[in-house]
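In our numbering, the protein residues as written are 3 to 756.
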Amino acid sequence: MKKLSLFFFSILLPYFIFSQKPEDKRWLSIDRIYESGDFQMDYFGQARWMEDGVAYTTLEKSKTHKKGRDIVSYETKTGNRKVLVDAEKLIPVGEKTPLSISNYIWSHDKKQLMIFTNTTRVWRYDTKGDYWILNLKNGQLHQLGKNLKSSSLMFAKFSPNDNQVAYVSEHNVYVEEIPSGVIKQLTFDGSTTLINGTFDWAYEEEFSCRDGFRWSPDGENIAYWQVDAKDIKNFLMINTTDSIYSQTIPVQYPKVGEDPSSCKIGVVSISNGKTRWMDIPGDPIQNYLPRMMWGEDSQHLLSQQINRKQNTLKLWWSNIKTGNSNNIHTEIETAWIDAVEPDDWLWLEEGKAFTWTSEKNGWRNLYSISKDGKKETMLSPGNYDAISIQEIDIKGGWVYFIASPDNPTQRYLYRTSLTRKGKAERLSPDSQEGTHSYQIAPGGKFAFHTFSNANTPPIKELISLPNHQRIKLLYDNEDYKKTFDALATSPTEFFRVKTEDGVEMDGYMIKPHDFDPSKKYPIIFYVYGEPWGQTAKDNWEGNLYHQMLTQKGYIIMTLDNRGTPSPRGREWRKSIYRKIGVINSRDQAMAAKEIQKWDFVDADRMGVWGWSGGGSMTLNLLFRYPEIYKTGISVAPVANQLLYDNIYQERYMGVPWENKEDFVEGSPLTYAKNLKGNLLLVHGTADDNVHYQNAEVLINELIKHNKLFQVMPYPNRSHGIYEGENTRRHLYLMMTDYFLKNLEKGGKDIITKP
Numbered sequence: 003m004k005k006l007s008l009f010f011f012s013i014l015l016p017y018f019i020f021s022q023k024p025e026d027k028r029w030l031s032i033d034r035i036y037e038s039g040d041f042q043m044d045y046f047g048q049a050r051w052m053e054d055g056v057a058y059t060t061l062e063k064s065k066t067h068k069k070g071r072d073i074v075s076y077e078t079k080t081g082n083r084k085v086l087v088d089a090e091k092l093i094p095v096g097e098k099t100p101l102s103i104s105n106y107i108w109s110h111d112k113k114q115l116m117i118f119t120n121t122t123r124v125w126r127y128d129t130k131g132d133y134w135i136l137n138l139k140n141g142q143l144h145q146l147g148k149n150l151k152s153s154s155l156m157f158a159k160f161s162p163n164d165n166q167v168a169y170v171s172e173h174n175v176y177v178e179e180i181p182s183g184v185i186k187q188l189t190f191d192g193s194t195t196l197i198n199g200t201f202d203w204a205y206e207e208e209f210s211c212r213d214g215f216r217w218s219p220d221g222e223n224i225a226y227w228q229v230d231a232k233d234i235k236n237f238l239m240i241n242t243t244d245s246i247y248s249q250t251i252p253v254q255y256p257k258v259g260e261d262p263s264s265c266k267i268g269v270v271s272i273s274n275g276k277t278r279w280m281d282i283p284g285d286p287i288q289n290y291l292p293r294m295m296w297g298e299d300s301q302h303l304l305s306q307q308i309n310r311k312q313n314t315l316k317l318w319w320s321n322i323k324t325g326n327s328n329n330i331h332t333e334i335e336t337a338w339i340d341a342v343e344p345d346d347w348l349w350l351e352e353g354k355a356f357t358w359t360s361e362k363n364g365w366r367n368l369y370s371i372s373k374d375g376k377k378e379t380m381l382s383p384g385n386y387d388a389i390s391i392q393e394i395d396i397k398g399g400w401v402y403f404i405a406s407p408d409n410p411t412q413r414y415l416y417r418t419s420l421t422r423k424g425k426a427e428r429l430s431p432d433s434q435e436g437t438h439s440y441q442i443a444p445g446g447k448f449a450f451h452t453f454s455n456a457n458t459p460p461i462k463e464l465i466s467l468p469n470h471q472r473i474k475l476l477y478d479n480e481d482y483k484k485t486f487d488a489l490a491t492s493p494t495e496f497f498r499v500k501t502e503d504g505v506e507m508d509g510y511m512i513k514p515h516d517f518d519p520s521k522k523y524p525i526i527f528y529v530y531g532e533p534w535g536q537t538a539k540d541n542w543e544g545n546l547y548h549q550m551l552t553q554k555g556y557i558i559m560t561l562d563n564r565g566t567p568s569p570r571g572r573e574w575r576k577s578i579y580r581k582i583g584v585i586n587s588r589d590q591a592m593a594a595k596e597i598q599k600w601d602f603v604d605a606d607r608m609g610v611w612g613w614s615g616g617g618s619m620t621l622n623l624l625f626r627y628p629e630i631y632k633t634g635i636s637v638a639p640v641a642n643q644l645l646y647d648n649i650y651q652e653r654y655m656g657v658p659w660e661n662k663e664d665f666v667e668g669s670p671l672t673y674a675k676n677l678k679g680n681l682l683l684v685h686g687t688a689d690d691n692v693h694y695q696n697a698e699v700l701i702n703e704l705i706k707h708n709k710l711f712q713v714m715p716y717p718n719r720s721h722g723i724y725e726g727e728n729t730r731r732h733l734y735l736m737m738t739d740y741f742l743k744n745l746e747k748g749g750k751d752i753i754t755k756p
């Protein structure tokens with residue numbers, strides 16, 4: 003449900019725009035978007051820091067082979083350029099074309115290069131493929147696991163001494179000696195239901211768990227997850243178009259109330275191939291193990307365990323020789339608790355302490371915790387959220403992190419001392435208001451810095467830290483900006499609105515280019531509103547679909563309600579617990595009621611649209627507040643919360659045997675009988691995330707209550723609805739046509755009552 007919606011809006015929507023006046027550069031048209039290349043963004047890709055920031059590598063078009071890319075090194079301070087790997091060196095024996103580089107990984111000593119290529123998709127991302135090793139000294143190029151199934155290798159990683167590579171294939175873990183090419187299989191019981199070294203659908207989707215094994219620091223062992231999904235029922239999707247007889251597509255999918263997969267962590271010895279399982283207390287079916295990392299001593303593992311209700315997190319310190327595990331830290335929440343992300347969970351003091359994040363004081367703060375759990379130090383004191391750790395400079399004693407204490411729509415870089423108390427120091431320039439992101443070199447001396455805001459396309463530069471001085475401009479999207487600025491558009495404006503419940507919500511709006519404050523305009527609200535996504539963000543979206551709608555005469559608005567992951571404190575985010583569909587839709591509707599009072603807003607012409615969680619929100623708004631919203635487009639919505647997966651829905655709603663009534667109350671299905679306005683329901687029939695089943699149960703409910711609506715199924719399309727020829731273009735043309743027919747466009751004169 004969640005992530006794809008935000009991804010597609012910011013990345014793919016610019017390509018699917020309603021045609022008009024292709025000869026006039028002020029207007030958006032399909033021909034112009036598809037053929038002119040006017041809206042191509044600048045790109046600087048796959049940079050890797052070398053030698054603690056002294057240099058970096060990146061990919062560039064090869065000058066020796068038109069179908070290949072070179073790997074080029076730049077000295078950070080001087081800019082001196084050197085081709086480290088010419089594309090010609092990446093041509094396998096017997097082939098004429100260099101390997102296509104999906105990803106590249108340097109060995110620790112930088113003498114070997116691993117290329118990930120020929121990739122295939124696993125659910126959301128291309129995580130399967132082929133791996134090749136290039137020896138930079140002798141130029142030898144050879145394929146890893148070449149006797150295994152093509153495009154089956156996953157998450158290949160060099161051993162600490164760079165003599166071996168470990169990877170997963172067909173749900174088993176392997177290790178391969180680089181000099182000899184000898185392959186050793188370490189697990190043998192892997193199958194589609196007993197998964198070694200990677201994860202099942204639910205763990206991947208809801209905990210972002212994909213890479214399921216870790217080398218020990220000494221290179222003698224590998225720790226890996228084993229997921230037992232044998233009792234997970236298959237949800238069968240049906241393909242009716244690719245053959246004359248329908249085919250079923252099974253997806254291991256635990257619905258709300260169904261038990262999740264059991265999970266355990268084992269350590270396998272490279273020398274003898276034997277696995278020792280960590281003895282972590284608790285029912286493995288009623289607890290999750292979403293995170294794990296090695297101790298610096300190579301003799302212990304530190305694992306995060308979260309209970310089924312996801313309101314208790316325990317840290318276990320496990321001895322890999324005995325499997326014995328001790329609980330060194332526990333956190334308990336009245337709502338839900340999130341697993342601490344790997345980038346926020348790092349070793350300090352040569353393995354004597356680790357970083358941690360917690361909301362226990364009402365804000366998301368950074369902490370240092372000793373490995374025995376007895377000493378805890380807050381690193382980011384203050385009433386604001388530390389959003390994510392960017393880098394830890396052990397030598398200098400600094401931790402770099404992202405925060406925005408004063409404006410939750412923005413993001414800035416801060417640093418604070420690891421050893422001294424004091425106020426955090428903001429490093430992002432005061433002159434650049436908006437959103438900043440960083441790829442910081444080890445040691446914290448240099449970074450790739452990207453800045454944008456809602457009206458400024460991304461600028462990327464190489465900088466020094468902590469003074470934040472530019473060393474080199476990498477791109478500025480100047481051509482894109484000139485083209486975009488020539489469009490008939492208006493700038494994005496941010497605002498806050500206070501509802502009758504006393505809730506202040508952040509939002510933005512984009513007005514028509516010819517906006518006249520003496521007229522009243524229709525509003526189209528773009529919504530999401532669940533704990534996985536924030537929409538009112540001061541960064542560059544470049545959403546040409548929304549810009550096109552403003553050219554038609556609509557005002558586009560978005561608002562962040564309570565429960566969204568805005569950096570406004572724990573209470574803001576977790577007040578939605580057990581109330582998804584209720585609190586978030588009320589916040590949106592009450593904000594819309596206040597906006598209806600604005601002079602230039604036509605209260606009788608309010609529309610709404612959203613995707614996934616935003617599709618659910620659209621339905622709830624249409625069904626619960628039909629007096630406010632007249633027209634809505636709901637894409638891939640969850641109609642009944644009991645039909646979604648257990649990890650996500652139970653995290654935010656509880657477990658149904660305790661409070662099933664909350665799931666029913668929060669589901670759009672419950673209020674479908676109240677539909678009065680215009681509804682277009684869109685869903686892909688091969689959606690493995692939010693099943694098409696949701697559309698069908700909603701259709702039945704609307705039919706039951708004699709409600710008229712329109713529905714557009716997309717055969718064999720997934721949650722993103724992009725597979726197949728012309729799919730996305732068709733989708734956005736249809737959406738545009740629906741708004742134009744059902745929500746009158748343009749400004750109207752204000753009628754003054756006598």
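Glycine is no exception: its CB is placed at the ideal position from the N, C-alpha and C atoms. Remember, it's a predicted structure, so these values are computed and weren't measured experimentally.
query: Between the beta-carbon of K91 and the beta-carbon of G141, is there less than 8 Å?
result: yes
- prompt: For D281, which option in T566, V95, G268 has the closest C-alpha, if you only look at C-alpha atoms?
  reply: G268
task: Could you check the C-alpha separation between L683 and Y205 for me, to the nearest Å?
output: 29 Å
- request: Within the same chain, show all residues whose beta-carbon is closer than 6 Å to that of Y36, passing over the 5 residues directly before and after it, in chain order.
  value: Low confidence applies to Y36: its pLDDT is 49, below 50, so where it sits in the model is not reliable enough to give any reading.
- prompt: Do I402 and L415 have their C-beta atoms within less than 8 Å of each other?
  reply: Checking the sequence shown, residue 402 turns out to be Tyr, not Ile. Result yes, Cβ atoms of Y402 and L415 sit closer than 8 Å.
- request: Measure the Cβ-Cβ separation of N541 and G436 and say whether it is below 8 Å.
  value: yes
query: G375: beta carbon under 7 Å from a heavy atom of the ligand PLP?
result: Within the structure as shown, the ligand PLP is missing, as the structure has no ligands at all.
- prompt: If you run the structure through DSSP and keep just helix, strand and coil, what is T738?
  reply: helix
message: Tell me which residues share the same chain as E506 and place their Cβ nearer than 8 Å to its Cβ, disregarding the 5 neighbours each side in the sequence.
response: R498, V499, K500
- request: With W613 as the anchor, note down where its beta strand (DSSP E) starts and where it stops.
  value: 603-613
task: Since I believe S618 is in contact with P670 (beta carbons under 8 Å), could you give me their beta-carbon distance rounded to a whole number of angstroms?
output: 6 Å
message: Between the alpha carbons of A538 and I272, how many angstroms are there, rounded?
response: 49 Å
- prompt: Thinking C-beta only, is L624 closer than 8 Å to A591?
  reply: no
query: Considering only the beta carbon of each residue, do S153 and E172 sit closer than 8 Å?
result: no
- prompt: Is A388 near I371, with beta carbons less than 8 Å apart?
  reply: no
query: Would L551 pass as a contact of A593 if the rule is Cβ separation under 8 Å?
result: no
task: From the DSSP output, read off the bridge partner residues of S104.
output: In the DSSP output, where bridge partners are listed per residue, S104 has none listed.
Classification of F190 by the beta-carbon crowding that lies within 10 angstroms, buried from 16 upward: exposed
message: I'd like to confirm the pairing. Which residues does DSSP put opposite F51 in its beta bridges?
response: It should be pointed out that residue 51 corresponds to Trp in this sequence rather than to Phe. Per DSSP, Y58.
message: For K377 and Y627, I'd like the C-alpha separation in whole angstroms.
response: 51 Å
message: In chain order, what are the residue ranges of uninterrupted alpha helix (DSSP H) at least 4 long that sit wholly in the region 681-725?
response: 695-706
query: So Y386 is in the beta strand (DSSP E); what residue range does that whole segment cover?
result: No beta strand (DSSP E) contains Y386, which DSSP labels as neither H nor E.
task: Give the straight-line distance between the Cα atoms of K65 and L136, rounded to the nearest whole angstrom.
output: 20 Å
E260 to G375 span [Cα, whole Å]: 34 Å
query: Where does Y127 land, buried or exposed, given buried means 16+ other C-beta within 10 angstroms?
result: exposed
task: Take R588 as the anchor and find which of F517, G504, M52, E463 has the nearest alpha-carbon.
output: G504
field: Integer Cβ distance of L196 from V175, believed to fall under 8 Å
entry: 12 Å between Cβ atoms; not a contact.
- prompt: CB-CB under 7 Å to R50, same chain, minus the five flanking residues each way: which ones, in chain order?
  reply: Y58, T59, W108
field: Same chain, Cβ closer than 6 Å to G749, five either side skipped, listed in chain order
entry: D518, K521, Y523
- request: Identify, in the order they occur along the chain, each residue of the same chain with its Cβ nearer than 8 Å to the Cβ of N321, setting aside the five sequence neighbours on each side.
  value: Q301, H302, S327
- prompt: For the alpha helix (DSSP H) that contains S274, what are its first and last residues?
  reply: According to the sequence as given, residue 274 is Asn; it is not Ser. Where N274 is concerned, there is no enclosing alpha helix (DSSP H), given that its DSSP letter is neither H nor E.
N82 versus E53: straight-line alpha-carbon distance, rounded: 15 Å
task: With distances taken Cα to Cα, identify the nearest neighbour of H67 among K84, D88, E77.
output: D88
- prompt: Per DSSP, G183 is paired with what?
  reply: In the DSSP output, where bridge partners are listed per residue, G183 has none listed.
- prompt: Taking only runs of the beta strand (DSSP E) that begin and end inside the region 186-240, which ones reach a length of at least 3 residues, in chain order?
  reply: 196-198, 215-217, 223-230
- prompt: Can you give the beta carbon distance from D230 to S263, rounded, assuming they're within the 8 Å contact cut?
  reply: 6 Å
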